[in-house]
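A.B. asks: Taken in sequence, the protein lines are chains P and G. The first sequence runs 77 to 410 under the working numbering. The second sequence runs 77 to 410 under the working numbering.
Number of protein chains: 2
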Amino acid sequence: MSDSITVIQVGLGALGRRLTPFLLERPSLQLVGAVDPHPDLAGRDLGEVAGLGRHLGLEIVPDLWEPFSAGQVDVALQTTVSSLSAAALQIQDLLHCGAHVVSSCEELSYPWQTEPYLAAEIDRQARAAGRAVLGVGVNPGFLMDFLPLALTAICRQVRKVTVLRYQDARARRLPFQRKIGAGLSPEQFDARKADGSLRHVGLIESMHMIASRLGWTLDRTQDTVEPIIAEQRVASDDITVEPGQAAGVRQLGLGFVSGEEKIRLDFRASLGEPDVQDTVIIDGDPPLRFTVPDGVNGDIATCALLTNAIPSIIDAEPGLRTMADLPPITWSAE
Amino acid sequence: MSDSITVIQVGLGALGRRLTPFLLERPSLQLVGAVDPHPDLAGRDLGEVAGLGRHLGLEIVPDLWEPFSAGQVDVALQTTVSSLSAAALQIQDLLHCGAHVVSSCEELSYPWQTEPYLAAEIDRQARAAGRAVLGVGVNPGFLMDFLPLALTAICRQVRKVTVLRYQDARARRLPFQRKIGAGLSPEQFDARKADGSLRHVGLIESMHMIASRLGWTLDRTQDTVEPIIAEQRVASDDITVEPGQAAGVRQLGLGFVSGEEKIRLDFRASLGEPDVQDTVIIDGDPPLRFTVPDGVNGDIATCALLTNAIPSIIDAEPGLRTMADLPPITWSAE
């Protein structure tokens, strides 16, 4: 159709492959390109790589510029890395080519405090290009920041924000299970924790997003990682965890204002996690406790958010945007 | 302080009086005027009328123009009527005086389908004045429209939106208890229902807000009102309901797309309502069920929303805005 939005995917790892069908089923979106330089992917058909059981006639290309040479690209969906410093150059290139950028990069969700130089630079480049950039996912980007923020609208007073996200990682994609250390010995877990490859990225960003909108000046944030040790054997399709090994991770983000704990983000993800839930607790007037008893599947939710953000990013003011300063992203039948 | 936001209150009925302390306790806001032509109110001190137990040195004036003659007014908070046709002239005057307008007028929450002429006219006047107008409250404006919309962000597919709002009206202000028909005989209830003075205003507006963002074209909406008859005596501070009388109201809003029920807003408010809750159910992929077990007190929530909306309306683009097209309103310490 003439008024459809043309999109490309940049990054065809586990998340990108899962995203493809979300994009295809939305009538107003037209998927016109896919980029990934990985030698196992470049040259193959996107439909095959995404496991659709059919070819899409879209060859994955190694070069970012290639899809743009074939015509207008409205929005690029970047699903590559968690680190903003690793993602920034690609974002710059996409802006330069004229695309709005919606990215799953966790550190892009609210980089104003954690990466102020890069944030300002991306913002400047986006404004110059007349395009908008958004980092979004279920967490950071929704459950532990946007949602509690939006709920405070009905509060007269807010003393503390607590979010519990307890997930059974058996329902998540394999890279996620690996990322949380499932199946590692305690020593391996500590080594991965020490080299920084294990932690879930985003708690700090979520705390800064919350604090900025609530008018709180954080004097300190804390982000601790510890293993959840299996007491009995537990297994996903791909990983078996023996008793004494790590079943996953507990990560606790704490934000302090004038020495007082004002934000508490309690993230637990393990194979067989018993107490699955997503809960937002506002200690305020009135006190609020919102809960999703069965929890939110992070892979579906992140792919949905990336897809649902596309119309919003086109309507957004140019620059670096966050979920705290965009109108609510919603699903649409269109 | 020099960068404080100057606000006036327009309407000092039960809701306006309840709102006053919310405004006073926010450091960035400066309450500079109060308007109400009611002969029982004009000339009295706002602090006394609002039950603060102290004078504020702010005399309630009958004339809308008066506070503007004393200096800049950034935002007017209108808490007068539910009907947009009754509120529109005052909104026009406030815009003409140079104020942004945040209003509790239920029909203003999403008037584009129900009052398209008035909506377009207010939008035009606001743009011409370089000011923004927002209708907001807990319902319509938050629990039955903004919140379910915002939650669909994490959905791949949405088939139906259901919201349950079951309130015990004993915790609400007296005009609300009267509005829901508490203490009426079934015959009185039917008479009030027939003359239109009983219904809770807003279900239709909420359904249109939801449908517009989800890309659904409603071919029919339905808004039915019936009494909840008391089986035993129940009383609030002000009203006693005998068995056989109405304890309150059940109002059901249904929205149909191609003949299929896609939106269901189930509003129940009665003295002694047994099953108090606020629940949003998304029949989708994934299915979602968010709940606030004790429910949300509507008076606190509406006053909080009106207060929390003030910084947002100043940053908003000129024109008629709704909760569906503003960045999330949040509480702020500032």
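Just so it is clear, CB atoms sit at the ideal spot from N, CA and C, and this is done for glycine as well.
1. Got a sec? Which residues, its chain only, sit under 7 Å from G/I280 by beta carbon, not counting five neighbours each side?
2. Could you give the C-beta distance for G/D150 and G/T82, rounded to a whole number, given that I count them as a contact under 8 Å?
3. Under three-state DSSP, which class holds G/L105?
4. Could you tell me the alpha carbon to alpha carbon distance between P/R93 and P/C379, rounded to whole angstroms?
5. When the Cα of G/V325 is compared with those of G/R397, G/Q308, G/G331 and G/L347, which residue comes out closest?
6. Whose C-beta lies closer than 8 Å to the C-beta of G/S334 among residues of the same chain, with five residues either side of it excluded?
7. In the DSSP assignment, find the alpha helix (DSSP H) that holds G/T190 and state where it starts and stops.
8. State yes or no: is the beta carbon of G/E410 nearer than 9 Å to at least one beta carbon in chain P?
9. Would you mind sorting G/D313 into buried or exposed? The rule is 16 or more other CB atoms within 10 Å of its CB.
10. Taking three-plus beta-carbon pairs below 8 Å as touching, is the region 256-267 of chain P in contact with the region 97-113 of chain G?
11. Based on the DSSP output, what are the partners of G/V137 in its beta bridges?
12. Please compile the residues from chain G whose C-beta is within a distance smaller than 8 Å of the C-beta of P/D401.
13. Kindly indicate which residue of P/L122, P/V310, P/G211 and P/Q233 has the alpha-carbon position closest to the one of P/V137.
14. Of all the options P/F222, P/S180, P/S145 and P/P192, which has the alpha carbon lying nearest to the alpha carbon of P/H172?
15. Applying a beta-carbon distance threshold of less than 8 Å, which residues of chain G neighbour P/G291?
16. What residues are listed by DSSP as bridge partners for P/L99?
17. Are there 16 or more other CB atoms within 10 angstroms of the CB of P/R130, so buried, or fewer, so exposed?
18. How would you call P/L165, buried or exposed, if buried means at least 16 neighbouring beta carbons within 10 angstroms?
19. Which runs of the beta strand (DSSP E) at least 3 residues long sit entirely within the region 323-369 of chain G? Give them in chain order.
20. Can you give the Cα-Cα distance for P/V352 and G/T238, rounded to whole angstroms?
21. Let me know if G/S282 comes out buried or exposed under the rule of 16 or more other beta-carbons within 10 Å of its beta-carbon.
22. Exposed or buried, what is G/Q148 when buried is set at 16 or more other beta-carbons lying within 10 Å of its beta-carbon?
23. Looking only at its chain, what residues have a beta carbon closer than 6 Å to the beta carbon of P/G217, apart from the 5 residues adjacent to it on each side?
24. Would you mind listing the alpha helix (DSSP H) stretches within the region 143-231 of chain P that are 4+ residues and don't spill past its ends, in chain order?
25. Can you tell me which of the three DSSP states P/G272 falls into?
26. Find the nearest neighbour of G/V177 within the set G/S159, G/W188, G/P187 and G/Q154, judged by alpha-carbon distance.
27. Counting only runs of 4+ residues fully inside the region 247-303 of chain P, write out the alpha helix (DSSP H) ranges in chain order.
28. On the three-pair Cβ rule with 8 Å, is the region 378-394 of chain G touching the region 203-217 of chain G?
29. At a Cβ threshold of 9 Å, is G/R203 touching chain P?
30. Report yes or no: do three or more beta-carbon pairs, one from the region 383-391 of chain P and one from the region 195-212 of chain P, lie closer than 8 Å?
31. Whole angstroms are fine: how far does the CA of G/T228 sit from the CA of G/R275?
32. Ordered along the chain, which non-local residues of its own chain (more than five positions away) have a Cβ less than 6 Å from that of P/R246?
33. Assuming P/W383 is part of the alpha helix (DSSP H), what are its boundary residues?
34. Whole-angstrom Cβ separation of G/A152 and G/A175, contact assumed at under 8 Å?
35. Distance check for P/T293 and P/F332, CA to CA, integer angstroms please.
36. Just to confirm, are G/P231 and G/L364 a CB contact at a threshold of 9 Å?
C.D. replies: According to the structure data:
1. Along the second sequence, one-based indexing puts residue 280 of chain G at 204. Taken in chain order, the residues that qualify are T190, T297, D299 and G329.
2. For the purposes of this step, residue 150 of chain G is taken as residue 74 along the second sequence, with counting starting at 1. For the purposes of this step, residue 82 of chain G is taken as residue 6 along the second sequence, with counting starting at 1. That belief holds up - the Cβ atoms of G/D150 and G/T82 are roughly 5 Å apart, short of 8 Å.
3. Stepping through the second sequence from its first residue, residue 105 of chain G is reached at position 29. In the three-state scheme derived from DSSP, where H, G and I count as helix and E and B as strand, G/L105 is classed as strand.
4. Counting from 1 along the first sequence, the entry for residue 93 of chain P is found at position 17. Counting from 1 along the first sequence, the entry for residue 379 of chain P is found at position 303. Roughly 10 Å between the two C-alpha positions.
5. The residue you call residue 325 of chain G lines up with position 249 of the second sequence. Nearest C-alpha to G/V325: G/L347.
6. For the purposes of this step, residue 334 of chain G is taken as the residue at position 258 of the second sequence. Within the same chain, G/S334 has close Cβ partners D295.
7. For this step, residue 190 of chain G is matched to residue 114 along the second sequence. Run containing G/T190: none; DSSP gives neither H nor E here.
8. What you label residue 410 of chain G is simply residue 334 of the second sequence in a count that begins at 1. Yes, G/E410 lies at the interface with chain P (some Cβ there is under 9 Å from its Cβ).
9. Position 237 of the second sequence, counted from the first residue, corresponds to residue 313 of chain G. Classification of G/D313: exposed, given that the 10 Å Cβ count is below 16.
10. Two segments are said to touch when three or more pairs of C-beta atoms, one from each, lie closer than 8 Å; by this definition the region 256-267 of chain P does not touch the region 97-113 of chain G.
11. If you number the second sequence from 1, residue 137 of chain G lands on position 61. Among the bridge pairs identified by DSSP, G/V137 is matched with G/V111.
12. Taking the first residue of the first sequence as 1, we reach residue 401 of chain P at position 325. Those within 8 Å of P/D401 in chain G are P403.
13. As a working mapping, residue 137 of chain P is identified with position 61 in the first sequence. For the options P/L122, P/V310, P/G211 and P/Q233, the alpha carbon positioned closest to that of P/V137 is the one of P/L122.
14. Counted from its first residue, the first sequence places residue 172 of chain P at position 96. Nearest of P/F222, P/S180, P/S145 and P/P192 to P/H172, Cα basis: P/S145.
15. Taking the first sequence and counting its residues from 1, one reaches residue 291 of chain P at position 215. Within 8 Å Cβ-Cβ: S408, A409 and E410.
16. The count along the first sequence starts at 1 and reaches residue 99 of chain P at position 23. Listed as beta-bridge partners of P/L99 by DSSP are no residues whatsoever.
17. One-based indexing of the first sequence puts residue 130 of chain P at position 54. Exposed: under 16 other Cβ atoms inside 10 Å.
18. By one-based count along the first sequence, residue 165 of chain P stands at place 89. The residue in question, P/L165, is exposed, as its Cβ has fewer than 16 Cβ neighbours within 10 Å.
19. With a minimum length of 3 residues, the continuous beta strand (DSSP E) runs that stay inside the region 323-369 of chain G are 336-346, 353-361 and 364-368.
20. Taking the first residue of the first sequence as 1, we reach residue 352 of chain P at position 276. Taking the first residue of the second sequence as 1, we reach residue 238 of chain G at position 162. Whole-angstrom Cα-Cα distance: 24 Å.
21. Along the second sequence, one-based indexing puts residue 282 of chain G at 206. Burial call: buried.
22. Position 72 of the second sequence, counted from the first residue, corresponds to residue 148 of chain G. Taking a 10 Å sphere around the C-beta of G/Q148, we find fewer than 16 other C-beta atoms and assign the residue as exposed.
23. Start at 1 with the first residue of the first sequence, and residue 217 of chain P comes out as number 141. When the five nearest sequence neighbours on each side are left out, the beta carbons in the same chain lying within less than 6 Å of the beta carbon of P/G217 are those of S185 and M399, in order along the chain.
24. Segments of the alpha helix (DSSP H) lying fully in the region 143-231 of chain P: 160-173, 192-205 and 222-227.
25. To locate residue 272 of chain P, count along the first sequence from 1; it is residue 196. DSSP places P/G272 outside both helix and strand once states are collapsed to three, so it counts as coil.
26. By one-based count along the second sequence, residue 177 of chain G stands at place 101. Among G/S159, G/W188, G/P187 and G/Q154, the Cα nearest to that of G/V177 belongs to G/Q154.
27. Runs found: 250-255, 262-270 and 279-290.
28. Taking a cut-off of 8 Å on C-beta distances, the region 378-394 of chain G touches the region 203-217 of chain G, as three or more cross pairs fall below it.
29. Reading the second sequence from its first residue, position 127 is the one you call residue 203 of chain G. No, G/R203 lies away from the interface with chain P (no Cβ there is under 9 Å from its Cβ).
30. Yes: at least three Cβ pairs fall under 8 Å.
31. In the second sequence, counting from the first residue as 1, residue 275 of chain G sits at position 199. In the second sequence, counting from the first residue as 1, residue 228 of chain G sits at position 152. About 28 Å.
32. The count along the first sequence starts at 1 and reaches residue 246 of chain P at position 170. S312 and L347.
33. Taking the first sequence and counting its residues from 1, one reaches residue 383 of chain P at position 307. What sits at residue 383 of chain P in the sequence shown is Thr, not Trp. That run of the alpha helix (DSSP H) goes G374 to D391.
34. One-based indexing of the second sequence puts residue 152 of chain G at position 76. One-based indexing of the second sequence puts residue 175 of chain G at position 99. Rounded, the Cβ-Cβ distance is 4 Å, consistent with contact.
35. As a first step, residue 332 of chain P must be located in the first sequence, where it is residue number 256. As a first step, residue 293 of chain P must be located in the first sequence, where it is residue number 217. Roughly 8 Å between the two C-alpha positions.
36. In the second sequence, residue 231 of chain G corresponds to position 155, counting from 1. In the second sequence, residue 364 of chain G corresponds to position 288, counting from 1. Note on residue identity: the sequence assigns Cys, not Pro, to residue 231 of chain G. Yes, Cβ-Cβ distance for G/C231 and G/L364 is below 9 Å.
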